[in-house]
Amino acid sequence: MNNSFFTSIGLGNIDFGIVALVLAAVILILLILTIVNMCSISKLKKKYNKFMQGKNAKSLESEIIGLFDDNKFIKNAVEKNKKDIKILYHKFESTFQKIGIIKYDAFNQMGGKLSFCLALLDENNNGFILNSVHSTEGCYSYTKSIEKGECKISLGEEELKALNMAMGITQ
59 MNNSFFTSIG LGNIDFGIVA LVLAAVILIL LILTIVNMCS ISKLKKKYNK FMQGKNAKSL
119 ESEIIGLFDD NKFIKNAVEK NKKDIKILYH KFESTFQKIG IIKYDAFNQM GGKLSFCLAL
179 LDENNNGFIL NSVHSTEGCY SYTKSIEKGE CKISLGEEEL KALNMAMGIT Q
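Residues 59 to 229 (this note's numbering) make up the sequence shown, in order.
Structure follows, in structure tokens:
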């Protein structure tokens, strides 16, 4: 079937049925796109309504100002916490953190390893060594001061082992 309109625009050889099918396909695609668009608009409206629920422009402004105030408070709290952590770190720098203990028999007659050397050091390897010697006559305790991992008085074998253990030096 030739249509004079198609002939006048130079498309006289095209079948009207094909044109109708193409137009129907285009209409179907447009209908699908419209439905998809409506669904996305509906979701957006729901989100908007949830966001604006019970609020007007003034209350929304106060909400935003409140959030900024909360943000400032949190920033100040974080800065205070950083300062407090530095103070605590400085305080803990001088506390005993490293421990080394060696049990030994001071005299072979005793048995049971009742004597011991205890080294207590801070972060800078300052502290003391406590040497407790048990014998049949009693128990005697001695201390030696440690500065920067060294003692001004000569150390016995067990004392040196306890000091090295506290400083993390393996032998």
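From the three backbone atoms N, C-alpha and C, an ideal C-beta is built for every residue, glycine too.
Bear in mind that the values here come from a model prediction, so they are computed numbers and not experimental data.
_Straight-line gap, residue 193 to residue 146 (C-alpha atoms, nearest Å)_ = Those two C-alpha atoms are separated by around 43 Å.
_Classification of residue 102 by the beta-carbon crowding that lies within 10 angstroms, buried from 16 upward_ = So residue 102 ends up on the exposed side.
_Quick check for students: name the residue ranges of the beta strand (DSSP E) that lie wholly in the stretch 101 to 185, counting only runs of 3 or more._
Uninterrupted beta strand (DSSP E) stretches at least 3 residues long and entirely within the stretch 101 to 185 occur at 156 to 162, 173 to 179, given in chain order.
*asked:* According to DSSP, residue 197 sits in a beta bridge with which residue or residues?
replied: Note: residue 197 sits in a beta bridge opposite 192.
*Label residue 120 either buried or exposed according to how many other C-beta atoms from any shown protein chain fall within 10 Å of its C-beta, with 16 as the threshold for buried.*
Sixteen is the threshold: since fewer than 16 other Cβ atoms of the shown chains lie within 10 Å of the Cβ of residue 120, the residue is exposed.
*Please classify residue 203: does DSSP put it in a helix, a strand, or coil?*
The three-state secondary structure of residue 203, taken from DSSP, is strand.
*asked:* Please tell me whether residue 183 and residue 207 are closer than 7 Å, where the distance is taken between their beta carbons.
replied: Taking a C-beta distance under 7 Å as the contact criterion, residue 183 and residue 207 qualify as a contact pair.
*Taking residue 221 as part of the alpha helix (DSSP H), name the residues at either end of that continuous run.*
Under the DSSP assignment, residue 221 falls in the alpha helix (DSSP H) whose first and last residues are 215 to 225.
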